[in-house]
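Participant:
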């Protein structure tokens, strides 16, 4: 799994490429915690490059959400592929984390919250 980070409309976008599973979730979890550790951060997790996520990957997203909210920020998801979107809906994680069709829409939504 690969993580790329950049700023867009005041939000930090984390582009995830590859599978988020037991073997790779630690990279995602630590990356999100490091970003949120220093200051209030609004994070957009771009899932367009992710074709698989398991329960450990979902847990990493929840840890990231909690870390962001603990410092006064927020986290949302963008561009999940259909198989990933289905997992998010089946586990009802979509009721806890906002999901947007595009990264731009996610960043705009977070900008309106500030």
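In our numbering, the protein residues as written are 233 to 346. Where a beta carbon is used, it is the ideal one built from N, C-alpha and C, also for glycine. Note that the coordinates shown come from a computational prediction; the quantities given were computed from them, not determined experimentally.
#1: What runs of the beta strand (DSSP E), each 3 residues or longer, lie entirely inside the region 234 to 278?
#2: Which residue wins for smallest C-alpha separation from residue 333, given the options 299, 324, 322, 317?
#3: How many angstroms separate the CA atom of residue 340 from the CA atom of residue 295?
#4: Per the DSSP calculation, residue 332 is bridged to which residue(s)?
#5: Under the assumption that residue 335 contacts residue 310 (Cβ atoms under 8 angstroms), give the Cβ distance between them as a whole number of angstroms.
#6: Compute the distance between the beta-carbons of residue 253 and residue 289, then report whether it is under 8 angstroms.
#7: Can you round the beta-carbon distance between residue 292 and residue 325 to whole angstroms, since I take them to be within the 8 angstroms contact cut?
#8: Which of helix, strand or coil does DSSP assign to residue 280?
#9: Report yes if the C-beta distance between residue 248 and residue 279 is below 8 angstroms; otherwise report no.
Facilitator: In terms of the structure at hand:
#1: 234 to 240, 243 to 249
#2: 317
#3: 23 angstroms
#4: 310
#5: 4 angstroms
#6: yes
#7: Not confirmed; about 12 angstroms, so no contact.
#8: strand
#9: yes
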